[in-house]
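Below you'll find the structure, written out as C-alpha cells, and then a few comments.
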C-alpha cells in the first residue's frame, strides 16, 4: 500500500512514465470557504446597489430585510447600505 500526496498535474506526470497498478483512491481538495466568500462578495460588489436590492425585493423581502441581506453579502454595515440607498 502506498500513499502519495501530489497535485493533479504531478499525478498525470507520474503515470505517464509509470504503469499504474492496482486500485486507486483520489482525494481532491475543494476551494477554501474563505475563497468562496471572497468570490461571492466580489460578484455582489460588481452588481449595482439598485440591482442588488431589487434581487431581494423581487424575492419578497421587505426593504429593511433586503438592506440587511445586501449588507451581509457585501460585508459592510447596514448603515452604509441605508445611506447609499436613501440618496
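Residue numbers (our numbering): 3 to 89.
For every residue, glycine included, the Cβ atom is placed at its ideal position computed from N, Cα and C.
Using only the alpha-carbon positions, how far apart do residue i and residue j sit?
i	j	result
residue 72	residue 17	48 Å
residue 46	residue 70	14 Å
residue 79	residue 8	42 Å
residue 90	residue 37	Because the chain here runs from 3 to 89, residue 90 falls outside it and cannot be looked at.
residue 84	residue 44	20 Å
Closest to residue i by CA distance: which of the options is it?
i	options	result
residue 26	37, 46, 34, 3	3
residue 86	50, 35, 60, 62	50
residue 28	37, 13, 36, 60	13
residue 30	44, 10, 41, 39	10
Flag this pair as touching only if the segment 19 to 34 and the segment 54 to 72 have three or more C-beta atom pairs under 8 Å; answer yes or no.
-> No: fewer than three Cβ pairs fall under 8 Å.
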